[in-house]
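Numbering (my numbering), first residue to last: 8 to 949.
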């Protein structure tokens, strides 16, 4: 009993103390100059690289090139393997030819070994070799080593053109010679011949001694490092890799999340580089390059001419410098003669630095934005199609106190007619922070609590973190210890540190065997009190370690395969996410789709499930920052993302909370969440005006679920973003390249959230010269390529539908998405200047994997020449639904037809009723009544 109370006291202390320790204290996190590998690589100056190609080692195959690269300073031999891949992509890898120990190469991020395509040698001479594939070519320059990637005979990406490449080979630590005294008191290494003493002046000898001392200091620093009270033993020595990658012809680059910064990345000249190192950062600072919870080392370069990108596949701590330049062709390498147009060529230069691993880079050559997205998805995978409830509204806080609290919150949504799908429980639901357990006093019947929610079509999520409480009798801890499944410390014992439960150890998810074991713990027989409608939240999986360096794990800790934590840090959370997802799939025998939220992430996380932007703050700046953060995640293949609605820390005023709901209703992951120390903020706790407007925002999300679900279907098929910067669909409109305060949902809805307090009007840029955009509040028509001013009273979310589109919605809003499944559809058709439109709709059961076996419907709609046609694009798929079309709303129609006639594939022929409003140029066709899966034609008679 005493142990029980001590545990509770410790937990309470952690709740209140730890946030204060971590809150935006920059001193807890390293700067580049405090990471010796970053500092050393950053000090390399542009110039002639010491790396040269060994020409007589060149070996060509149908799709690859292998060659040795020599570091002329150290005489160390490296190997380069370059492959031409499908989808306009080139992969090149650089590794030691004869390492004294293996270097870590990232596993499991690629969905398969990328498919190669044939290339041909275009040219070879004493200076370079040129190979070609598709409309692209790669130039390998021998002396010094350099790679240039050309698209349509223009240089698009250059590698090592500034000579910053650095590859620290593994080596044995050198003992520093001990000096002995001469008769004259002069020191020299043992055995030195007197006649070989330097004749230099004393000043030179003094400088030499200082230089030697500095070299000795640097060598010691390379082999071990201290940060605050923490020591990194670095037993394997320095092993960093660095490379410069330039993008000629561009001025804007994007990507490399996660940072609370602008969409278009900034220059880092004279300031900190962007850092990729998964960290738990409380109340993170805005406009910052500091590392946050996840890392995706993907950068996209965009210009009017093309879109290209690189994926730096390395899971170690990584820093990226960015600078912009402009140079004359005559001053550049002769390859720049491939550029067309003016003599001045803009360029973005980047410098990538990782602490360990190899150089493994995918160069994606576009040339258009959607080409690039498909190229990246081809090797890292597309986003998993989530269950429908996953993209509906989620209600969470730290914490809902007990079963009565859960019951009352659930009832509150029903009493106030506000839909929601999922209720979340944070760490306080457990027995003393022991995951996969329940506090028996607060949650005595958890399975019945879940069944009560499920009876209304709702789900529950519980939190499960990777740190495990070291307590006797706790089944997870005892099994992990018995099996040896914890991460080890540098000496081989179990790694122990401090997290929410107190003394904890961390599951070693790098092991396939351990991941399989972890997944088995989600079986209903293992996770006592769980049901089929209980899903999971993996938090603190950066991993967060309260007494570790930078609040994370020591780098010399050891994982499966004898890999140091420094090698795999950024991929640790990815592996927990993967294991949990597989556990949920196995729980249902492979039938039901999983839902697992993760805070940490890496490239490939999109295959597992959603993430969110972590512990944000209830202020207008964080609301505004959530837009570029989520847009960035979408650009680099992780579309299912969102931010805590209302802010995790502090208390939003009613206006901020409302505007946050209005913005988040148009972002992929839609969850309200708040800190334990904040006031309760369920919508009905605010006055009637704000409650009703928050309800309206949530109901807009539910009405658009058919459109959202179709977008997720496309993302799962092709890797396309769900929310997009304007330049993705309008790649030649330069004024959109830095826009981050408005975005496209799919290609057909434009949203500009209100993110400034008291803003009663807002300017909105509408792209696309010659296009129409319709304000969905009053159906006014606006021309593209123009900026308009829109009033924004509290009840208005500025949303515009693109002319030429057809969007499916559901207007009968129920208490959750599952209850709307058979409800009828409304099609909203916005005509373009040619009085045409098209759209599509994807439908399946919303929760199983049956769609993979053909149990789905994919419809396409088109309107031309007064005829609207619905065509089933997949006639052989086997899925039926009772849902039907109850109305069609047409925007931009000036004159009413004399009659409207429907013909369906079931032989049905009848006239339809309609109304026309000439003041708004809208027409509503009433009750077409045809099943959503049927093919049909509606003809308008003039």
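All residues carry an ideal CB built from backbone N, CA and C; glycine is no exception.
- Here DSSP, grouped into helix, strand and coil, assigns residue 482 to helix.
- When Cβ pairs closer than 8 Å are counted between the two stretches, the region 277-284 is seen to touch the region 297-305, the count reaching three or more.
- Distance from the CA of residue 315 to the CA of residue 379, rounded to the nearest whole angstrom, comes to 7 Å.
- Contact between the region 733-744 and the region 774-781 is present: 3 or more CB-CB pairs across the two stretches fall below 8 Å.
- If you draw a 10 Å sphere on the C-beta of residue 874, you find fewer than 16 other C-beta atoms in it, and that means exposed.
- Shortest Cα-Cα distance from residue 727 to any of 743, 681 and 641 involves 641.
- Around the beta carbon of residue 303, a 10 Å sphere encloses 16 or more other beta carbons of the protein chains shown; the residue is thus reported as buried.
- In the three-state reduction of the DSSP assignment, residue 436 falls in the helix class, which pools H, G and I.
- DSSP, reduced to helix, strand and coil, places residue 845 within a strand of the structure shown.
- Excluding the 5 residues flanking it on each side, residue 533 has same chain C-beta neighbours closer than 7 Å at 527, in chain order.
- Rounded to whole angstroms, the separation of the alpha carbons of residue 522 and residue 578 is 14 Å.
- Judged by DSSP secondary structure, residue 580 falls within the alpha helix (DSSP H) whose first and last residues are 579-594.
- The continuous stretches of alpha helix (DSSP H) do not include residue 86, which lies in the beta strand (DSSP E) extending over residues 83-92.
- Apart from sequence neighbours up to five positions away, the residues of its chain that approach residue 113 with a beta-carbon distance below 6 Å are 320 and 322, ordered along the chain.
- Per DSSP, residue 454 is one residue of the alpha helix (DSSP H) stretching across 453-461.
- Each of 129, 493, 474 and 714 was checked against the Cα of residue 398, and the nearest Cα belongs to 714.
- Here the region 674-684 makes contact with the region 648-665; the two share three or more CB pairs at distances below 8 Å.
- Excluding residues up to 5 positions away in sequence, 851 lie with their Cβ nearer than 6 Å to the Cβ of residue 858 in the same chain.
- Residue 421 sits exposed, since fewer than 16 C-beta atoms from the chains shown fall within 10 Å of its C-beta.
- The Cβ atoms of residue 786 and residue 116 lie no closer than 8 Å to each other.
- A straight-line Cα-Cα distance of about 17 Å links residue 667 and residue 426.
- Contact between residue 409 and residue 449 holds: their C-beta atoms lie close to 4 Å from each other, under 8 Å.
- Taking 8 Å as the cut-off, the Cβ atoms of residue 360 and residue 48 count as close.
- Spatial neighbours of residue 424 in its own chain (CB-CB distance under 6 Å, excluding positions within 5 residues in sequence) are not present.
- Using a Cβ-Cβ distance cut-off of 8 Å, the region 551-565 and the region 485-499 are in contact, since at least three pairs of beta carbons, one from each stretch, lie closer than that value.
- Taking the C-beta atoms as reference points, residue 618 is found nearer than 8 Å to residue 606.
- Scanning its chain for C-beta atoms nearer than 6 Å, with the 5 sequence neighbours on each side dropped, one finds around residue 922 the residues 931, in chain order.
- In the DSSP secondary-structure assignment, residue 367 is bridged to 100.
- One thing to note: residue 400 has its Cβ no nearer than 8 Å to the Cβ of residue 432.
- For residue 907, the number of other beta carbons within 10 angstroms of its own is at least 16, and it is reported as buried.
- The region 510-522 and the region 564-571 touch, with no fewer than 3 CB-CB distances between them shorter than 8 Å.
- Scanning its chain for C-beta atoms nearer than 7 Å, with the 5 sequence neighbours on each side dropped, one finds around residue 903 the residues 923 and 930, in chain order.
- Fully enclosed beta strand (DSSP E) runs of no fewer than 3 residues occupy 874-879, 892-898 and 906-911 of the region 865-915, in order along the chain.
- Residue 234 places its beta carbon 8 Å or farther from that of residue 355.
- Distance between residue 162 and residue 722, taken at the CA atoms: about 30 Å.
- Residue 650 sits in coil when the DSSP states are folded into three classes, being neither helix nor strand.
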